[in-house]
Amino acid sequence: MTTLLLIEQVLNGLQSGIMLFLMAAGLTLIFGVMGLINLAHGSLYMIGAFAAAAVAAATGSFLLALFASLVAAAAAGVVIELAVIRRLYDRDHLDQVLATFALILILSEGTRWLFGSFPLYLDVPSVLAGPVTLPGGIAYPAYRLVIILVGLAVAAGLFLLIGRTRIGIQIRAGEADREMIAALGVNISALYTLVFALGAALAGLAGALVGAIQSVQVGMGEPVLILAFVVIVIGGIGSIKGALVGALLVGLTDTLGGVLLPLALGGIMDASSATSIGSAIASMLIYVLMAVVLIFRPTGLYGTA
Amino acid sequence: MTFKQLLAATCVVAFGAGAQADGVKVGMITTLSGGGAGLGIDVRDGFLLAVKGNDDIEVVIEDDQRKPDIAVQLADKMIQSEKVDVMTGIIWSNLAMAVVPAATAQGKFYLSPNAGPSALAGKGCHQNYFNVSWQNDAFSEAAGTALSGEAGKVFLMAPNYPAGQDIMAGFKRTYQGEIAAEVYTKLGQTDYAAEIAQMRASDADQIYFFLPGGMGISFMKQYAGSGVDKPVSGPAFSFDQGILGAIGDAAVGAKNTAHWSKDLDVPGNAEFVAAFQEEFGRLPSIYAAQGYDTGLLLASAAAKADVDDADAFRAALKEADFQSVRGKFSFAANHHPVQDIYLREVIKEGDLVTNRIVGTAATDHSDPYGADCNL
Numbered sequence: 000m001t002t003l004l005l006i007e008q009v010l011n012g013l014q015s016g017i018m019l020f021l022m023a024a025g026l027t028l029i030f031g032v033m034g035l036i037n038l039a040h041g042s043l044y045m046i047g048a049f050a051a052a053a054v055a056a057a058t059g060s061f062l063l064a065l066f067a068s069l070v071a072a073a074a075a076g077v078v079i080e081l082a083v084i085r086r087l088y089d090r091d092h093l094d095q096v097l098a099t100f101a102l103i104l105i106l107s108e109g110t111r112w113l114f115g116s117f118p119l120y121l122d123v124p125s126v127l128a129g130p131v132t133l134p135g136g137i138a139y140p141a142y143r144l145v146i147i148l149v150g151l152a153v154a155a156g157l158f159l160l161i162g163r164t165r166i167g168i169q170i171r172a173g174e175a176d177r178e179m180i181a182a183l184g185v186n187i188s189a190l191y192t193l194v195f196a197l198g199a200a201l202a203g204l205a206g207a208l209v210g211a212i213q214s215v216q217v218g219m220g221e222p223v224l225i226l227a228f229v230v231i232v233i234g235g236i237g238s239i240k241g242a243l244v245g246a247l248l249v250g251l252t253d254t255l256g257g258v259l260l261p262l263a264l265g266g267i268m269d270a271s272s273a274t275s276i277g278s279a280i281a282s283m284l285i286y287v288l289m290a291v292v293l294i295f296r297p298t299g300l301y302g303t304a
Numbered sequence: 000m001t002f003k004q005l006l007a008a009t010c011v012v013a014f015g016a017g018a019q020a021d022g023v024k025v026g027m028i029t030t031l032s033g034g035g036a037g038l039g040i041d042v043r044d045g046f047l048l049a050v051k052g053n054d055d056i057e058v059v060i061e062d063d064q065r066k067p068d069i070a071v072q073l074a075d076k077m078i079q080s081e082k083v084d085v086m087t088g089i090i091w092s093n094l095a096m097a098v099v100p101a102a103t104a105q106g107k108f109y110l111s112p113n114a115g116p117s118a119l120a121g122k123g124c125h126q127n128y129f130n131v132s133w134q135n136d137a138f139s140e141a142a143g144t145a146l147s148g149e150a151g152k153v154f155l156m157a158p159n160y161p162a163g164q165d166i167m168a169g170f171k172r173t174y175q176g177e178i179a180a181e182v183y184t185k186l187g188q189t190d191y192a193a194e195i196a197q198m199r200a201s202d203a204d205q206i207y208f209f210l211p212g213g214m215g216i217s218f219m220k221q222y223a224g225s226g227v228d229k230p231v232s233g234p235a236f237s238f239d240q241g242i243l244g245a246i247g248d249a250a251v252g253a254k255n256t257a258h259w260s261k262d263l264d265v266p267g268n269a270e271f272v273a274a275f276q277e278e279f280g281r282l283p284s285i286y287a288a289q290g291y292d293t294g295l296l297l298a299s300a301a302a303k304a305d306v307d308d309a310d311a312f313r314a315a316l317k318e319a320d321f322q323s324v325r326g327k328f329s330f331a332a333n334h335h336p337v338q339d340i341y342l343r344e345v346i347k348e349g350d351l352v353t354n355r356i357v358g359t360a361a362t363d364h365s366d367p368y369g370a371d372c373n374l
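The listed protein sequences derive, respectively, from chains A and B.
Numbering that gives the first Met the number 0 applies: residue 0 is where the first sequence begins, and numbers increase by one.
Numbering that gives the first Met the number 0 applies: residue 0 is where the second sequence begins, and numbers increase by one.
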């Protein structure tokens with residue numbers, strides 16, 4: 000294993016972590032502010048990807064496609080919040096899980112009805128299609144590098160929004176004491192709709208960005224959703240910073256574990272079984288990570304009890 | 000899952016309305032949602048096309064969502080409350096291993112339209128289990144032979160589940176040359192950045208991979224963007240019609256092995272391709288062809304024997320007296336296919352990315368596990 004390969008794998012881990020962050024940020028925001036467990040967050044990711052694929056097919060422009068993913072997912076978020084989620088804030092978590100699970104089924108079948116069961120075609124823009132050479136001679140796909148940059152920009156924007164703006168103050172206040180900020184004249188239900196739409200837009204953006212290098216298909220959000228839940232549990236529920244750190248930890252553990260474990264096991268057994276046993280163990284690594292974090296910090300890295 | 004039940008009920012009404020009491024009741028458990036839905040839908044559509052208008056065959060369809068636990072529940076339901084005679088439909092080897100042995104042990108017939116795990120071809124073979132597709136290793140054994148001497152050092156990649164291991168075992172069994180590396184990924188994995196980096200760093204001359212459905216789409220798109228320019232090849236599952244549209248030009252030129260292709264010149268194939276396109280508005284894949292052949296086989300047996308007379312029905316199945324869209328088709332002693340396997344190349348026909356046959360990779364191929372089967 001050369002240093003160059005290791006650096007490339009670290010970049011890969013960063014990139015997958017950044018993508019997870021876009022998913023986890025919305026999830027943790029909605030959970031933290033509204034106390035709502037939204038299993039349908041993965042469906043918003045799927046909606047973003049399908050909107051992007053449809054617009055890219057119609058216009059040929061990737062930027063328009065990205066914009067469409069934001070708009071479509073945010074609009075879906077607003078509709079869902081007004082029609083369903085709004086009725087769930089005062090219910091217990093089990094009701095929320097049940098209702099948002101139903102939303103998954105409805106949105107998946109609806110997408111299948113609209114677009115069919117076969118994966119859609121969405122390609123990366125041709126300027127980003129090839130690799131770029133980084134200092135040190137690492138050839139790395141340009142598109143993945145752009146994903147890292149976009150993700151970091153979104154993270155910075157989110158920190159500014161939550162930490163430095165009036166709306167951010169209201170969001171944080173809503174997290175602490177819902178009745179009090181309502182009494183102070185803040186329109187709490189409009190604020191909740193806004194937060195939900197913001198979370199949905201982030202998931203939609205992640206879906207469109209990832210859809211271009213993976214497959215745009217019904218059900219694509221569910222595996223990501225599970226990882227995103229792992230991320231917010233590790234990071235601490237409600238914490239954007241926790242979501243970022245958790246996502247990077249999960250991304251790096253997943254990528255590096257999958258590469259290094261089979262190599263390490265190769266030293267003590269034959270190559271064929273080392274790769275199959277190594278990759279089996281590697282796929283459990285993030286859950287081991289989660290368990291270890293929870294043993295030492297039961298509320299997650301940045302969670303407050 | 001009320002919606003799915005409704006869907007299943009609709010299918011029963013649509014396709015079984017004229018069924019007589021002495022017809023065959025078929026339970027189809029296949030993947031209709033999630034990452035592998037395209038495969039299950041093609042098997043279902045091919046099967047229904049083959050038995051269309053056949054009043055002797057009633058079909059109940061359920062979605063296993065590619066989850067073994069759901070497949071087992073559905074199988075119990077089909078056997079106990081639906082009282083099906085024959086089961087079929089499963090796409091994935093891990094699901095087949097969870098369902099098939101139990102179903103055959105309860106006296107049901109199982110016709111596999113896709114999965115062909117080695118365990119069911121060898122020691123675990125059963126008189127009521129018929130595989131109408133292939134044994135998992137088959138395409139790769141043929142590919143290993145076809146690529147020997149020209150591919151150099153090969154980098155192998157497959158998901159870590161029974162079919163992934165079978166397929167790589169098949170390649171290694173016949174390939175005369177060096178294996179540069181062997182990598183197993185998670186089933187359902189969608190990001191292959193780490194594996195592609197390993198390919199770039201390795202001294203392999205060629206990549207041989209097995210990634211069916213959405214996994215193959217993700218890998219091929221990422222591979223094309225990585226700048227790694229080693230040629231790729233694999234069994235047909237990685238380059239099939241259902242996913243070529245989503246991969247696009249990145250797949251053009253890739254070699255793959257299959258028992259069927261839409262341009263295969265045998266009686267009935269052109270008619271099948273035309274009828275499938277007419278009915279469903281898309282080109283059939285190998286999964287559709289397998290589903291179609293499974294339907295034809297079942298219909299041929301149902302016309303000859305009563306399913307309640309298990310011995311007669313089994314003998315009728317064993318004869319494989321139907322015109323396969325693959326051309327010649329017969330069962331070996333372990334009820335797995337004896338068939339030709341072709342080398343295909345991904346080409347562009349106008350705007351359409353598709354396969355054409357460029358050669359024959361194996362003639363009268365049958366699997367090596369039959370020796371362990373005591374049928």
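For glycine and all other residues, C-beta sits at the position ideal for the given N, C-alpha and C.
* **Integer Cβ distance of Arg-343 of chain B from Ser-260 of chain B, believed to fall under 8 Å** => Between the beta-carbon of Arg-343 of chain B and that of Ser-260 of chain B there is about 5 Å, and that keeps the pair under the 8 Å contact cut.
* Enclosing alpha helix (DSSP H) for Glu-194 of chain B [first to last residue] -> Run containing Glu-194 of chain B: 192-200, per the alpha helix (DSSP H) assignment.
* **Three-state secondary structure (DSSP) of Phe-208 of chain B** => Reduced to three states, the DSSP call for Phe-208 of chain B is strand.
* At which residue ranges does the region 151-183 of chain B contain complete beta strand (DSSP E) runs of 3 or more residues, listed in the order of the chain? -> Runs of beta strand (DSSP E) with 3 or more residues, each lying fully within the region 151-183 of chain B, are found at 153-158, listed in chain order.
* **Proximal residues of chain A, C-beta to C-beta of Asn-354 of chain B below 8 Å** => The contacting residues do not exist; Asn-354 of chain B stays about 16 Å from chain A at best.
* Asked: Can you tell which of B:Ala-200, B:Phe-218, B:His-364 has the C-alpha that lies nearest to the C-alpha of Ala-331 of chain B?
  -> Considering only alpha carbons, the answer is B:His-364.
* For Leu-284 of chain A, is the beta carbon positioned less than 8 Å from some heavy atom of the ligand PLP? -> The ligand PLP is not part of this structure, which contains no ligands at all.
* Asked: Residue range of the beta strand (DSSP E) that Lys-24 of chain B falls in?
  -> Annotation: the continuous beta strand (DSSP E) that includes Lys-24 of chain B extends over 23-29.
* **Residues in the region 159-177 of chain B having any Cβ partner in chain A nearer than 8 Å** => For the region 159-177 of chain B, the residues whose beta carbon sits under 8 Å from a beta carbon of chain A are, in order, Asn-159, Gln-164.
* Asked: Looking at the structure shown, is Met-96 of chain B part of a helix, part of a strand, or coil, going by DSSP?
  -> Taken through DSSP and simplified to helix, strand or coil, Met-96 of chain B comes out as helix.
* Going along chain A, which residues have a C-beta under 8 Å from Glu-348 of chain B? -> Residues of chain A passing the Cβ test: none, with the nearest at roughly 17 Å.
* Report the neighbours of Lys-229 of chain B on chain A: residues whose CB is nearer than 8 Å to its CB, in chain order. => Against chain A, a Cβ distance below 8 Å from Lys-229 of chain B picks out nothing, because the smallest value is about 14 Å.
* Could you please give the first and the last residue of the uninterrupted beta strand (DSSP E) stretch that includes Ser-111 of chain B? => Looking at the DSSP string, the run of the beta strand (DSSP E) that includes Ser-111 of chain B is 108-111.
* chain A contact residues for Tyr-183 of chain B, given Cβ-Cβ distances below 7 Å -> Counting only Cβ-Cβ distances below 7 Å, Tyr-183 of chain B has contacts in chain A at Thr-274, Ser-275, Ser-278, in chain order.
* Could you tell me which chain B residues have their CB closer than 9 Å to the CB of Pro-140 of chain A, listed as they occur along the chain? => The contacting residues are Ala-192, Ile-195, Gln-221, Gly-224, Ser-225, Gly-226.
* Taking only the alpha-carbon atoms, compute the straight-line gap between Ala-274 of chain B and Gly-349 of chain B and give it to the nearest angstrom. => Cα to Cα, Ala-274 of chain B sits roughly 22 Å from Gly-349 of chain B.
* **Nearest-angstrom Cα separation, counted from Asp-54 of chain B out to Ala-205 of chain A** => Going by the C-alpha atoms only, they are around 49 Å apart.
* Asked: Going by beta carbon distance, what residues of the same chain come within less than 8 Å of Ala-20 of chain B, once the five residues before and after it are set aside?
  -> With a pLDDT of 47 at Ala-20 of chain B, under the threshold of 50, the predicted position of this residue should be treated as unreliable, though the coordinate-derived value follows. Taken in chain order, the list of residues that qualify is empty.
* As assigned by DSSP and simplified to three states, the class of Val-58 of chain B -> Residue state, collapsed to three classes: strand.
* To do: Mind checking which residues open and close the alpha helix (DSSP H) that includes Asp-292 of chain B?
  => Where Asp-292 of chain B is concerned, the enclosing alpha helix (DSSP H) stretches over 285-303.
* **Cβ-Cβ distance between Gly-203 of chain A and Ser-107 of chain A below 9 Å** => Cβ distance not < 9 Å, so Gly-203 of chain A and Ser-107 of chain A don't count as in contact.
* **Bridge-paired residues (DSSP) for Ser-80 of chain B** => Within the DSSP secondary-structure output, Ser-80 of chain B pairs in no beta bridge.
* Asked: Can you tell which of A:Leu-157, A:Phe-49, A:Asp-122 has its C-alpha closest to the C-alpha of Arg-111 of chain A?
  -> Of the listed residues, the one whose Cα sits closest to Arg-111 of chain A is A:Phe-49.
* Okay, do the region 178-193 of chain B and the region 150-157 of chain B touch, 3+ Cβ pairs below 8 Å being the bar? -> Yes, since at least three Cβ pairs between the region 178-193 of chain B and the region 150-157 of chain B fall closer than 8 Å, the two stretches touch.
* Counting contacts by CB-CB distance shorter than 9 Å, is Leu-4 of chain A in contact with chain B? -> Closer than 9 Å to some Cβ of chain B, the Cβ of Leu-4 of chain A qualifies, so yes.
* Would you mind stating whether Ser-237 of chain B and Phe-209 of chain B have Cβ atoms separated by less than 9 Å? => Yes, the Cβ-Cβ distance between Ser-237 of chain B and Phe-209 of chain B is below 9 Å.
* To do: Verify whether the separation of the beta carbon atoms of Asp-62 of chain B and Asn-11 of chain A is less than 9 Å.
  => No.
* To do: Show which residues of chain B have a CB atom less than 7 Å away from the CB atom of Leu-119 of chain A.
  => Under the 7 Å cutoff, chain B gives Ala-245.
* Asked: Does DSSP put Ala-20 of chain B in a helix, a strand or coil?
  -> With a pLDDT of 47 at Ala-20 of chain B, under the threshold of 50, the modelled position of this residue cannot be trusted; read the value that follows with caution. Note: Ala-20 of chain B maps to coil in three-state DSSP.
* So, is the C-beta of Val-123 of chain A closer than 9 Å to a C-beta in chain B? -> Yes - at least one Cβ of chain B is within 9 Å of the one on Val-123 of chain A.
* To do: Evaluate the contact criterion for the region 89-102 of chain A versus the region 37-49 of chain A: three or more CB pairs, one atom per stretch, below 8 Å.
  => With a cut-off of 8 Å, the region 37-49 of chain A and the region 89-102 of chain A count as touching, because enough Cβ pairs lie within range.
* To do: Could you tell me the distance, in whole angstroms, from the CA atom of Arg-165 of chain A to the CA atom of Gly-25 of chain A?
  => Each residue's Cα considered, the two are about 19 Å apart.
* Asked: If you draw a straight line from the alpha carbon of Gly-312 of chain A to that of Phe-30 of chain A, how long is it in whole angstroms?
  -> This structure gives no information on residue 312 of chain A, because the portion of chain A shown stretches from 0 to 304.
* Asked: What residues in its chain sit with their C-beta under 6 Å from that of Phe-279 of chain B, if we drop five residues either side in the sequence?
  -> The residues Asp-44, in chain order, have a CB closer than 6 Å to that of Phe-279 of chain B in the same chain once the five nearest residues on each side in sequence are set aside.
* Asked: What does Ala-270 of chain A touch in chain B if you count any residue whose Cβ is under 7 Å from its own?
  -> Neighbours of Ala-270 of chain A across chain B, judged by C-beta separation under 7 Å: Glu-181.
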